[in-house]
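Asks:
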């Protein structure tokens, strides 16, 4: 987990923060505002998230019942050009595989409860892709721990989630390479919970775009030959 304002303004050669992928799934414009334009505003939801991560950010490692638990573990993938810090990674011994063989199991702490969109799952899957590259071992699943439910939600890293994660990385990399913040398409229900809504102003920005599209459509219809 990284603080949202950290690693902002990435250059083309700098790795994409893992936290930026969560923002990109939620809203690509939000991700660009935070990580390109260095815009960040805390609200109740972000403040609660910061408190939740306070313990994990202390780092450290411990072992119990054969499982090694590492907090605030730095992660990176050269192939995908992503990097960040995992809240917690458990390393479970592989039965019958001999000493030293461990299976990584990333765990990400989140406020609230499971969401309808897949932003949290993509961020967690990106951690798994980093761990696979770093350890050379498969990471088949991980977990999201939500403060409201106080339970782990196990997330299998199946083909569809891996595809969505890599597509998100490529899409965000293209935004970073262009150094251009995407315009809003239209105001969505999730905009109301966004801490950047007053700075983003989706209605104000999108209105001229919709008007331009309307004028272009009218122009095309007027030029269309009558049958």
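Numbering (full-length UniProt numbering), first residue to last: 1 to 227. Just so you know, even glycine gets a beta-carbon here, dropped at the ideal spot from N, CA and C. As the structure is a prediction and not an experimental result, all values here were calculated from the model.
Let me make sure I understand the geometry here. Which of 110, 87, 119, 94 has the alpha-carbon closest to that of residue 137?
Replies: In the chain shown, counting from the first residue as 1, residue 137 sits at position 137. The shortest C-alpha separation from residue 137 is found at 94.
Asks: When DSSP labels each residue in this structure, what does residue 171 get in the three-state scheme?
Replies: As a first step, residue 171 must be located in the chain shown, where it is residue number 171. Note: residue 171 maps to helix in three-state DSSP.
Asks: I need the boundaries of the alpha helix (DSSP H) containing residue 29, first residue and last residue.
Replies: Reading the chain shown from its first residue, position 29 is the one you call residue 29. Its alpha helix (DSSP H) spans residues 28 to 35.
Asks: Sorted by chain position, which residues of the same chain lie with C-beta nearer than 8 Å to residue 13's C-beta, five sequence neighbours on each side aside?
Replies: For this step, residue 13 is matched to residue 13 along the chain shown. Taken in chain order, the list of residues that qualify is empty.
Asks: Along the chain, where does the beta strand (DSSP E) that runs through residue 67 open and close?
Replies: Sequence index remark: in the chain shown, residue 67 carries index 67 (1-based). 67 to 77 is the span of the beta strand (DSSP E), which, as asked, contains residue 67.
Asks: Alpha carbon to alpha carbon, how far is residue 32 from residue 174?
Replies: Numbered from 1 along the chain shown, position 32 holds the residue referred to as residue 32. Numbered from 1 along the chain shown, position 174 holds the residue referred to as residue 174. Taking the straight line joining both Cα atoms gives about 11 Å.
Asks: Of the choices 118, 113, 91, whose alpha-carbon is the least far from that of residue 103?
Replies: What you label residue 103 is simply residue 103 of the chain shown in a count that begins at 1. Selected option, being the one with the closest Cα: 91.
Asks: Could you give the residue range of the beta strand (DSSP E) that holds residue 89?
Replies: Locating residue 89 in the chain shown gives position 89, where the first residue counts as 1. 82 to 93 is the span of the beta strand (DSSP E), which, as asked, contains residue 89.
Asks: Put residue 16 into one of helix, strand or coil per three-state DSSP.
Replies: As a position in the chain shown, residue 16 is number 16, starting the count at 1. Residue state, collapsed to three classes: strand.
Asks: Within the chosen definition, does the stretch 117 to 125 reach the stretch 19 to 32 through at least 3 CB pairs nearer than 8 Å?
Replies: Yes: at least three Cβ pairs fall under 8 Å.
Asks: Looking only at its chain, what residues have a beta carbon closer than 6 Å to the beta carbon of residue 66, apart from the 5 residues adjacent to it on each side?
Replies: Counting from one through the chain shown, the residue named residue 66 turns up at place 66. Only 93 meet the Cβ criterion.
Asks: Roughly how many angstroms separate the alpha carbons of residue 114 and residue 161, rounded to a whole number?
Replies: On the chain shown, residue 114 is found 114 positions in, with the first residue counted as 1. On the chain shown, residue 161 is found 161 positions in, with the first residue counted as 1. Answer to the nearest angstrom: the Cα atoms are 16 Å apart.
Asks: Let me know if residue 38 comes out buried or exposed under the rule of 16 or more other beta-carbons within 10 Å of its beta-carbon.
Replies: Translated into positions along the chain shown, residue 38 becomes position 38. The residue is exposed, with fewer than 16 neighbouring Cβ atoms inside 10 Å.
Asks: Could you tell me which residues DSSP pairs with residue 110 in its beta bridges?
Replies: Working through the chain shown from its first residue, we reach residue 110 at position 110. The partner list for residue 110 (beta bridge, DSSP) reads 146.
Asks: For residue 135 and residue 30, what's the separation of their Cα atoms in angstroms?
Replies: As a first step, residue 135 must be located in the chain shown, where it is residue number 135. As a first step, residue 30 must be located in the chain shown, where it is residue number 30. So the alpha carbons of these two residues sit roughly 32 Å apart.
Asks: If residue 75 and residue 131 are in contact, beta carbons under 8 Å, what's the gap, nearest whole angstrom?
Replies: The residue labelled residue 75 in the question sits at position 75 within the chain shown. The residue labelled residue 131 in the question sits at position 131 within the chain shown. With 8 Å as the limit, residue 75 and residue 131 qualify as a contact, their Cβ atoms being about 7 Å apart.
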